[in-house]
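Listed in order, the protein sequences are those of chains E and Y.
The working numbering puts the first sequence at residues 31 to 145.
The working numbering puts the second sequence at residues 573 to 685.
Report on one structure; see the data block that follows.
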Amino acid sequence: DTAVSQTPKYLVTQMGNDKSIKCEQNLGHDTMYWYKQDSKKFLKIMFSYNNKELIINETVPNRFSPKSPDKAHLNLHINSLELGDSAVYFCASSPSGTAIFYGYTFGSGTRLTVV
Amino acid sequence: GNSVTQMEGPVTLSEEAFLTINCTYTATGYPSLFWYVQYPGEGLQLLLKATKADDKGSNKGFEATYRKETTSFHLEKGSVQVSDSAVYFCALSDSAGAQKLVFGQGTRLTINP
Numbered sequence: 031d032t033a034v035s036q037t038p039k040y041l042v043t044q045m046g047n048d049k050s051i052k053c054e055q056n057l058g059h060d061t062m063y064w065y066k067q068d069s070k071k072f073l074k075i076m077f078s079y080n081n082k083e084l085i086i087n088e089t090v091p092n093r094f095s096p097k098s099p100d101k102a103h104l105n106l107h108i109n110s111l112e113l114g115d116s117a118v119y120f121c122a123s124s125p126s127g128t129a130i131f132y133g134y135t136f137g138s139g140t141r142l143t144v145v
Numbered sequence: 573g574n575s576v577t578q579m580e581g582p583v584t585l586s587e588e589a590f591l592t593i594n595c596t597y598t599a600t601g602y603p604s605l606f607w608y609v610q611y612p613g614e615g616l617q618l619l620l621k622a623t624k625a626d627d628k629g630s631n632k633g634f635e636a637t638y639r640k641e642t643t644s645f646h647l648e649k650g651s652v653q654v655s656d657s658a659v660y661f662c663a664l665s666d667s668a669g670a671q672k673l674v675f676g677q678g679t680r681l682t683i684n685p
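What follows is the structure, encoded as C-alpha cells:
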C-alpha cells in the first residue's frame, strides 16, 4: 500500500544509454512532480504535471522527457545519459491546488549512476 | 526568485541536547513554509508546516515558528535522540499557480549516544 512508488530503486548504466524511471501514486492526487537531488543533497524541481498536463518545465536538457499517461503515473525518460545525470531522482505528488498549503508526498527515490 | 537558506551542516550533537537548525527565506507574497526530513536511503517526509505569519508548526517534539519580520523558520527540538539523525530540509511554496516547493540545501544532523 505504498503511497508514491518509484521503480527502479537503483539504476546503473553506461554513458549514452537511454533509460526510464517510473512513478505511480495511489493517493488520488492530481499533481505529480520530478525533483533531482545532487550529490550535495540539493533538490531542484524538474517537471510537474497536473491531470496529465505539463505545468512546470524548469531549465532541463531536452534529453529529459516526462510522460504522464494518466494522473496516477508520471514517468521520466532520459536519452543519451551523461555522467552529470548521476543523482537521486524523486517523484512526488499532491492534491491539485494544495501543495502550497500541505506540501508533497515523496517517493523513496531512484539512485541513478552513469558510468 | 524565491529562495531558502539553511545553516551549513553537518551538525553533530549529543543525545538530549537542544537543537536549532536555522532557516531564512526570500519570497514575494506570503508563502507557506515547511520542514522535511530525509532518513538514510529514504525519501523526504513532511515534518511540520506553517501557512501564515506567527503560525507554529509542531510534530514529534520539533517546532518552528513562521517569523515574517525576520523572514525565518528555525527548527528546534528540546532534547534530541539518536533516531533524529537525518538530513533536514527547509522549503517554501513558490507560486500559487505552479504549486512549486523551493528547498534549502539541507542540513545533515548526527546525534551521538
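Every residue, glycine too, gets a C-beta built ideally from N, C-alpha and C.
Remember, it's a predicted structure, so these values are computed and weren't measured experimentally.
If you follow the beta strand (DSSP E) that residue i is in, where does it begin and where does it stop?
| i | result |
| --- | --- |
| residue 597 of chain Y | 595-598 |
| residue 94 of chain E | 94-100 |
| residue 120 of chain E | 117-124 |
| residue 141 of chain E | 140-144 |
| residue 602 of chain Y | Premise fails: residue 602 of chain Y is in no beta strand (DSSP E) and is neither H nor E. |
| residue 629 of chain Y | 628-631 |
| residue 42 of chain E | 40-43 |
| residue 103 of chain E | 103-108 |
Give me, in chain order, the residues of the same chain whose beta-carbon lies closer than 8 angstroms to that of residue i; leave out the 5 immediate sequence neighbours on both sides.
| i | result |
| --- | --- |
| residue 126 of chain E | 59, 60, 61, 80 and 81 |
| residue 676 of chain Y | 576, 577, 578, 595, 661, 662 and 663 |
| residue 654 of chain Y | 587, 683, 684 and 685 |
Within 10 angstroms of its Cβ, does residue i collect 16 or more other Cβ (buried), or is it exposed?
| i | result |
| --- | --- |
| residue 665 of chain Y | buried |
| residue 145 of chain E | exposed |
| residue 588 of chain Y | exposed |
| residue 101 of chain E | buried |
| residue 656 of chain Y | buried |
| residue 34 of chain E | buried |
At least one CB of chain Y closer than 8 angstroms to the CB of residue i: is that the case?
| i | result |
| --- | --- |
| residue 134 of chain E | yes |
| residue 61 of chain E | yes |
| residue 137 of chain E | yes |
| residue 131 of chain E | yes |
| residue 86 of chain E | yes |
| residue 120 of chain E | yes |
| residue 116 of chain E | no |
| residue 30 of chain E | The structure shown does not extend to residue 30 of chain E, since chain E is modelled only from 31 to 145, so the question has no answer here. |
Starting from the beta carbon of residue i, find every residue of chain E whose beta carbon is closer than 9 angstroms, and list them in chain order.
| i | result |
| --- | --- |
| residue 677 of chain Y | 70, 71, 72 and 73 |
| residue 655 of chain Y | Neighbours of residue 655 of chain Y on chain E: none; closest Cβ ~18 angstroms, over 9 angstroms. |
If we cut at 8 angstroms on Cβ distances, does residue i have a partner in chain E?
| i | result |
| --- | --- |
| residue 682 of chain Y | no |
| residue 650 of chain Y | no |
| residue 686 of chain Y | Nothing can be reported for residue 686 of chain Y, as the shown portion of chain Y is limited to 573 through 685. |
| residue 686 of chain Y | What the structure shows of chain Y is the stretch from 573 to 685, and residue 686 of chain Y is not part of that stretch, so it cannot be assessed. |
| residue 671 of chain Y | yes |
| residue 645 of chain Y | no |
| residue 623 of chain Y | yes |
| residue 604 of chain Y | yes |
| residue 615 of chain Y | yes |
Could you pull out every residue in the same chain whose Cβ sits closer than 6 angstroms to the Cβ of residue i, ignoring the five residues on either side in sequence?
| i | result |
| --- | --- |
| residue 107 of chain E | 50 and 95 |
| residue 586 of chain Y | 684 |
| residue 143 of chain E | 42 and 116 |
| residue 605 of chain Y | 622, 638, 645 and 664 |
Let's see if you can read the secondary structure: which residues bound the alpha helix (DSSP H) around residue i?
| i | result |
| --- | --- |
| residue 589 of chain Y | Element bounds for residue 589 of chain Y: n/a, residue is neither H nor E. |
| residue 132 of chain E | 129-132 |
Name the chain Y residues that come within less than 7 angstroms of residue i, Cβ to Cβ?
| i | result |
| --- | --- |
| residue 35 of chain E | Neighbours of residue 35 of chain E on chain Y: none; closest Cβ ~10 angstroms, over 7 angstroms. |
Find the residues of chain Y that neighbour residue i, judging by a C-beta separation of less than 8 angstroms, and give them in chain order.
| i | result |
| --- | --- |
| residue 124 of chain E | 671 |
| residue 110 of chain E | Within 8 angstroms Cβ-Cβ: nothing; residue 110 of chain E doesn't reach chain Y, min ~27 angstroms. |
Using a beta-carbon distance below 8 angstroms, is residue i in contact with chain B?
| i | result |
| --- | --- |
| residue 98 of chain E | Of the chains in the structure shown, none is chain B; the protein chains are E and Y. |
By Cβ distance below 7 angstroms, which residues in the same chain neighbour residue i in space, the five residues on each side in sequence not counted?
| i | result |
| --- | --- |
| residue 599 of chain Y | 574 and 664 |
| residue 120 of chain E | 65, 67, 136, 137 and 139 |
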